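Only one structure is covered here, and it is reproduced in the block below.
Protein chains: 2
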Amino acid sequence: MPGALGARAEGLAADLSAVSSLTLNRISIYLRCLRILSERGVRRISSQELAQRFHLSATQIRKDLACFGEFGIRGVGYDVPTLEQRLSELLGLDREHPLVIVGMGNLGCAFARHLEFNRRCFRVVGGVDVDPQTIGKRVGGLVVRPTRDLRRLVRETGAEIALLTVPPEAARQSYDALIEAGVRAILNFSPIRLPQQPGVKLKNVELRSQLEELAFFLRD
Amino acid sequence: MPGALGARAEGLAADLSAVSSLTLNRISIYLRCLRILSERGVRRISSQELAQRFHLSATQIRKDLACFGEFGIRGVGYDVPTLEQRLSELLGLDREHPLVIVGMGNLGCAFARHLEFNRRCFRVVGGVDVDPQTIGKRVGGLVVRPTRDLRRLVRETGAEIALLTVPPEAARQSYDALIEAGVRAILNFSPIRLPQQPGVKLKNVELRSQLEELAFFLRD
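Chain order of the listed sequences is A and B.
Under the working numbering, the first residue of the first sequence is numbered 1, with each subsequent residue one higher.
Under the working numbering, the first residue of the second sequence is numbered 1001, with each subsequent residue one higher.
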């Protein structure tokens, strides 16, 4: 059965390269909801119930899931464990992804300990910094190493994903060093834009912009 | 001159309620770039130069800014300080916004000290937690107070914006408490969806979903 599901997911994955960030983020959310249901022992759920319990849109759920195949049975709903497994496979979450953090300041240290970055298929396995006071510090399960060790750290841990939490003036150099070290996907929390590079997935998380959007709502 | 600009921004703001999150986030980024230019003493810039220096799209810049009025002069470009001031006004960033943080764990403490949440028009003025070990702790410029003081804290500080960084099981209750306390805009970092409420702006920052999007890119 897992084999059949795997093949199915693989066949579908080929069509998925054009899927938008927004759709992927919704799929992530559905998956998180399904995991909560699983932990509570729920085996079946309709799109309506799923929507109601987690403040989502039932129409959107049906539309999003329909893109990826026939998961539900009309009048019966979705089988929770099967859907959970298929969505995991679709998102590439059926294996562990080791993460490294570049910049072990406040944000880097918080992320090293952050539960959402350290469970199921994600695990922070290393962190580097240039500050001699920070190097050698134990943070969560790791010991901060000097930035010059980045390439070796990436090789040792097999990390393909990095969180970039350095000050803006160091962002570009750290980004280049990560790519040089062979990291293929980067979540950038520095408040500057970095250039996209072929073969590397870069996501800019604009925390300040999120806040400015709230300020925009409050203007008057 | 500031009066004229203010009136202009106010007149335009009326048309802005339908502006999308994506556009607003781009405007935030332009503003950040303009500030960097200002600090470096740059007085004038064309959309092409702006795009090149900050890895943006010149066409998109012209299109976005055109929505808000005639800011540039053909063949001359934008006047940096004027554009910076107008965009600040448009986004409601021409006054200070005090922030409170609910949940002073790793993430809450990091945000209390995070520079991007503590400069120009944003300032973290208070943080609450339920943990007796955390209450009373000095973090950055504040002392953590008990969650039961939230309403008083909001009244004392005039905070209209909150960052929600509690564990998922506490998110709903904290959210309701924030709305009850009179907070009007909330950035939610808890990994669960909260229901939108009328008159309150809620933004969910799905850090885990961002990471899952990277995993999706790496699948194969």
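Backbone N, C-alpha and C define an ideal beta-carbon position, used for all residues, glycine too.
Here the structure is a predicted model, which is why all the values come from computation and not from measurement.
(request) Inspect the beta-carbon positions of leucine 90 of chain A and alanine 162 of chain A and report whether they are closer than 8 Å. (result) Mapped onto the first sequence, residue 90 of chain A falls at position 90. Mapped onto the first sequence, residue 162 of chain A falls at position 162. No, these two residues do not count as a Cβ contact at 8 Å.
(message) Can you tell me whether isoleucine 27 of chain A is buried or exposed? The criterion is at least 16 other CB atoms within 10 Å of its CB, across all chains shown.
(response) The residue given as residue 27 of chain A occupies position 27 in the first sequence. So isoleucine 27 of chain A ends up on the buried side.
(request) Have a look at valine 183 of chain A and valine 1130 of chain B and give me their C-alpha separation to the nearest angstrom. (result) Numbered from its first residue, the first sequence carries residue 183 of chain A at position 183. Numbered from its first residue, the second sequence carries residue 1130 of chain B at position 130. Distance between the alpha carbons of valine 183 of chain A and valine 1130 of chain B is about 39 Å.
(request) At 9 Å on the CB atoms, spell out the chain B contacts of isoleucine 161 of chain A, in chain order. (result) For the purposes of this step, residue 161 of chain A is taken as the residue at position 161 of the first sequence. Those are Leu1211, Leu1214, Ala1215, Leu1218, listed as they occur along chain B.
(message) Using a Cβ-Cβ cutoff of 7 Å, what residues of the region 19-31 of chain A are near chain B? List them in chain order.
(response) Ser21, Leu24, Asn25, Ser28, Ile29
(request) Leaving out five residues on either side along the sequence, give the residues of the same chain with a beta carbon under 6 Å from the beta carbon of arginine 1113 of chain B. (result) As a first step, residue 1113 of chain B must be located in the second sequence, where it is residue number 113. Same-chain partners within the cutoff: Gly1140.
(request) Decide if glycine 75 of chain A is buried, meaning its Cβ has at least 16 other Cβ atoms within 10 Å, or exposed. (result) Looking up residue 75 of chain A in the first sequence gives position 75. Its Cβ having fewer than 16 others within 10 Å, glycine 75 of chain A is exposed.
(request) May I ask you to verify whether the region 1195-1204 of chain B touches the region 164-175 of chain A, counting CB pairs closer than 8 Å and requiring at least 3? (result) no
(request) Please report how far the alpha carbon of proline 1081 of chain B lies from the alpha carbon of leucine 1034 of chain B, in whole angstroms. (result) As a position in the second sequence, residue 1081 of chain B is number 81, starting the count at 1. As a position in the second sequence, residue 1034 of chain B is number 34, starting the count at 1. A direct Cα-to-Cα measurement between proline 1081 of chain B and leucine 1034 of chain B gives close to 8 Å.
(request) Would you kindly report the start and end of the unbroken alpha helix (DSSP H) that includes glycine 108 of chain A? (result) Looking up residue 108 of chain A in the first sequence gives position 108. Per DSSP, glycine 108 of chain A belongs to the alpha helix (DSSP H) from 106-113.
(message) Whole angstroms are fine: how far does the CA of isoleucine 73 of chain A sit from the CA of proline 146 of chain A?
(response) The residue labelled residue 146 of chain A in the question sits at position 146 within the first sequence. The residue labelled residue 73 of chain A in the question sits at position 73 within the first sequence. Those two C-alpha atoms are separated by around 54 Å.
(request) Pull up the distance between the alpha-carbon of isoleucine 179 of chain A and that of arginine 208 of chain A, whole angstroms please. (result) Position 179 of the first sequence holds residue 179 of chain A. Position 208 of the first sequence holds residue 208 of chain A. Using only the alpha carbons, I get a separation of about 25 Å.
(message) Does serine 21 of chain A pass the burial test, meaning 16 or more other C-beta atoms within 10 Å, or should it be called exposed?
(response) Here residue 21 of chain A is taken as the residue at index 21 of the first sequence, counted from 1. Exposed: under 16 other Cβ atoms inside 10 Å.
(message) I'd like to confirm the pairing. Which residues does DSSP put opposite valine 124 of chain A in its beta bridges?
(response) Counted from its first residue, the first sequence places residue 124 of chain A at position 124. Paired residues: A:Leu99.
(request) Run the CB neighbour count on glutamate 1212 of chain B, radius 10 Å, all protein chains shown included, and call it buried at 16 or more, exposed below. (result) For this step, residue 1212 of chain B is matched to residue 212 along the second sequence. Looking at its Cβ environment, which holds 16 or more other Cβ atoms inside 10 Å, glutamate 1212 of chain B is buried.
(request) Using the Cα positions of arginine 1062 of chain B and leucine 1083 of chain B, report the straight-line distance between them to the nearest angstrom. (result) Numbered from its first residue, the second sequence carries residue 1062 of chain B at position 62. Numbered from its first residue, the second sequence carries residue 1083 of chain B at position 83. Their backbone Cα atoms lie some 13 Å apart in a straight line.
(message) Taking only three categories from DSSP, how would you classify aspartate 1094 of chain B?
(response) Walking along the second sequence from the start, residue 1094 of chain B turns up at place 94. Of the three classes helix, strand and coil, the one that applies to aspartate 1094 of chain B here is coil, per DSSP.
(message) Between B:Cys1067, B:Ile1029, B:Phe1071, which has its C-alpha nearest arginine 1053 of chain B's C-alpha?
(response) Here residue 1053 of chain B is taken as the residue at index 53 of the second sequence, counted from 1. The shortest Cα separation from arginine 1053 of chain B among B:Cys1067, B:Ile1029, B:Phe1071 belongs to B:Ile1029.
(message) So with CB distances below 8 Å, who are the chain A contacts of alanine 1177 of chain B?
(response) As a working mapping, residue 1177 of chain B is identified with position 177 in the second sequence. Simply none; closest approach about 18 Å.
(request) Hey, could you find the ends of the alpha helix (DSSP H) asparagine 1025 of chain B is sitting in? (result) Here residue 1025 of chain B refers to the residue found at position 25 of the second sequence. Where asparagine 1025 of chain B is concerned, the enclosing alpha helix (DSSP H) stretches over 1021-1039.
(request) Rounded to whole angstroms, what's the CA-CA distance from proline 2 of chain A to alanine 1170 of chain B? Just pull it up for me. (result) In the first sequence, the residue the question calls residue 2 of chain A occupies position 2. In the second sequence, the residue the question calls residue 1170 of chain B occupies position 170. Here proline 2 of chain A scores only 35 on pLDDT, less than 50, and its place in the model should not be relied on; the value that follows carries that caveat. So the two alpha carbons sit approximately 35 Å from each other.
(request) For the beta strand (DSSP E) containing aspartate 1176 of chain B, list its first residue and its last residue. (result) In the second sequence, the residue the question calls residue 1176 of chain B occupies position 176. First-last for aspartate 1176 of chain B: 1168-1181, but that is the alpha helix (DSSP H), not the beta strand (DSSP E).
(request) Look at the alpha carbon of threonine 134 of chain A and the alpha carbon of glutamate 1070 of chain B, and state the distance between them as a whole number of angstroms. (result) Stepping through the first sequence from its first residue, residue 134 of chain A is reached at position 134. Stepping through the second sequence from its first residue, residue 1070 of chain B is reached at position 70. Their backbone Cα atoms lie some 48 Å apart in a straight line.
(request) Look at leucine 1164 of chain B and serine 1190 of chain B and say whether their C-beta atoms are less than 8 Å apart. (result) Here residue 1164 of chain B is taken as the residue at index 164 of the second sequence, counted from 1. Here residue 1190 of chain B is taken as the residue at index 190 of the second sequence, counted from 1. Result yes, Cβ atoms of leucine 1164 of chain B and serine 1190 of chain B sit closer than 8 Å.
(request) Put valine 1076 of chain B into one of helix, strand or coil per three-state DSSP. (result) For this step, residue 1076 of chain B is matched to residue 76 along the second sequence. Of the three classes helix, strand and coil, the one that applies to valine 1076 of chain B here is coil, per DSSP.
(request) Rounded to whole angstroms, what's the CA-CA distance from lysine 137 of chain A to serine 1046 of chain B? Just pull it up for me. (result) Residue 137 of chain A sits at position 137 when you count from the first residue of the first sequence. Residue 1046 of chain B sits at position 46 when you count from the first residue of the second sequence. Roughly 46 Å between the two C-alpha positions.
(request) Determine the extent of the alpha helix (DSSP H) in which alanine 58 of chain A is found, giving its start and end residues. (result) Mapped onto the first sequence, residue 58 of chain A falls at position 58. 58-66 is the span of the alpha helix (DSSP H), which, as asked, contains alanine 58 of chain A.
(message) I'd like to know if glycine 1092 of chain B contacts chain A, where contact means its C-beta is closer than 8 Å to some C-beta of that chain.
(response) For the purposes of this step, residue 1092 of chain B is identified with residue 92 of the second sequence, where counting begins at 1. A Cβ of chain A is located within less than 8 Å of the beta carbon of glycine 1092 of chain B.
(request) May I ask which residues mark the beginning and end of the beta strand (DSSP E) holding leucine 187 of chain A? (result) For this step, residue 187 of chain A is matched to residue 187 along the first sequence. Counting along the chain, the beta strand (DSSP E) containing leucine 187 of chain A begins and ends at 185-188.
(message) Does the CB of arginine 1062 of chain B have a neighbour CB from chain A at under 8 Å?
(response) The residue labelled residue 1062 of chain B in the question sits at position 62 within the second sequence. Not closer than 8 Å to any Cβ of chain A, the Cβ of arginine 1062 of chain B fails to qualify, so no.
(request) For my contact list, leucine 1214 of chain B and leucine 187 of chain A are in at a C-beta cut-off of 8 Å; report their separation, rounded to the angstrom. (result) Numbered from its first residue, the second sequence carries residue 1214 of chain B at position 214. Numbered from its first residue, the first sequence carries residue 187 of chain A at position 187. That belief holds up - the Cβ atoms of leucine 1214 of chain B and leucine 187 of chain A are roughly 6 Å apart, short of 8 Å.
(request) Report the rounded CA-to-CA distance for alanine 58 of chain A versus isoleucine 1192 of chain B, giving the unit in angstroms. (result) Along the first sequence, one-based indexing puts residue 58 of chain A at 58. Along the second sequence, one-based indexing puts residue 1192 of chain B at 192. Roughly 17 Å separates the two Cα atoms.
(request) Measure from the C-beta of phenylalanine 122 of chain A to each C-beta in chain B and report whether the shortest distance is under 8 Å. (result) Within the first sequence, numbered from 1, the residue matching residue 122 of chain A stands at position 122. Yes - at least one Cβ of chain B is within 8 Å of the one on phenylalanine 122 of chain A.
(message) When you compare the CB positions of glutamate 1039 of chain B and histidine 1097 of chain B, do they come within less than 8 Å of one another, or not?
(response) Taking the second sequence and counting its residues from 1, the one referred to as residue 1039 of chain B is at position 39. Taking the second sequence and counting its residues from 1, the one referred to as residue 1097 of chain B is at position 97. The answer is no: Cβ separation not under 8 Å.
(request) Note down, in chain order, every chain B residue with its Cβ under 7 Å from the Cβ of phenylalanine 71 of chain A. (result) On the first sequence, position 71 is the one that residue 71 of chain A refers to. Those do not exist, as phenylalanine 71 of chain A stays about 17 Å from chain B at its closest Cβ, beyond 7 Å.
(request) My understanding is that leucine 1087 of chain B touches leucine 1031 of chain B, with C-beta atoms under 8 Å, so please give their C-beta distance in whole angstroms. (result) Locating residue 1087 of chain B in the second sequence gives position 87, counting from the first residue. Locating residue 1031 of chain B in the second sequence gives position 31, counting from the first residue. About 5 Å; that satisfies the 8 Å criterion.
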